[in-house]
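Residue numbers (our numbering): 47 to 201. Using N, Cα and C, we set each Cβ at its ideal position, and we do this for glycine too. What follows is a set of notes on a single structure, which appears directly below.
Encoded structure:
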């Protein structure tokens, strides 16, 4: 899964700082339209989804600025970087929790990442997954694309 936006941004040199208030609960995510000349992968995470949708937030830190080479692909009223994507590589960071039922289209976001971005097939089993060691975000993307999935602190 896309990593936490703070972890992705920090790895790429952006500043993450404590927020003046903890955000916990529902927020409305707004998917940003990308210019026609933008790389096509910037739209893949939210492709075909409504422009606005309720999501579940739970964080006490915030991204101060966008890391170099990234584009904002979604915002909320209090999170200007609710979702970001690298301009050249299939690297995504999200602020919300797509894995919880409160994120109404979270399952769709996860499905788009796994099937459309990573190119995984639906034939996996938990037995096969149990043999995969947990990886850090640094190990997740190779020059040929994402290798594994990473979700909101659960890997």
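{"Asked": "When the Cβ atoms of the stretch 125–137 are set against those of the stretch 86–106, are three or more pairs found closer than 8 Å?", "Found": "yes"}
{"Asked": "So, with DSSP's three-state summary, where would you put residue 119?", "Found": "strand"}
{"Asked": "In terms of DSSP beta bridges, what is residue 107 paired with?", "Found": "64"}
{"Asked": "Could you check where the beta strand (DSSP E) with residue 138 kicks off and where it finishes?", "Found": "138–140"}
{"Asked": "What would DSSP say about residue 76, mapped onto helix, strand or coil?", "Found": "strand"}
{"Asked": "Grab me the residues of residue 143's own chain with a C-beta within less than 8 Å of its C-beta, minus the 5 sequence neighbours each way, in chain order.", "Found": "101, 102, 103, 104, 149, 152, 198"}
{"Asked": "Among 125, 166, 138, 159, which residue has its Cα nearest to the Cα of residue 71?", "Found": "125"}
{"Asked": "Here's the rule I'm using: 16 or more other beta-carbon atoms within 10 Å means buried, otherwise exposed. How should residue 163 be labelled?", "Found": "buried"}
{"Asked": "Given a cut-off of 8 Å on the beta-carbon distance, is the pair residue 65 and residue 106 in contact?", "Found": "yes"}
{"Asked": "Inspect the beta-carbon positions of residue 62 and residue 55 and report whether they are closer than 8 Å.", "Found": "yes"}
{"Asked": "Residue 196: buried (16+ other C-beta within 10 angstroms of its C-beta) or exposed?", "Found": "Legend: pLDDT at residue 196 = 42, less than 50; position of this residue unreliable, value from coordinates given subsequently. When all chains shown are included, residue 196 counts as buried."}
{"Asked": "Using a 10 Å radius around the Cβ and a threshold of 16 neighbouring Cβ atoms, would you call residue 173 buried or exposed?", "Found": "exposed"}
{"Asked": "Between the alpha carbons of residue 59 and residue 122, how many angstroms are there, rounded?", "Found": "23 Å"}
{"Asked": "Below 8 Å on the Cβ atoms is my contact criterion, and I expect residue 139 with residue 50 to pass it. Report the Cβ-Cβ distance as a whole number of Å.", "Found": "6 Å"}
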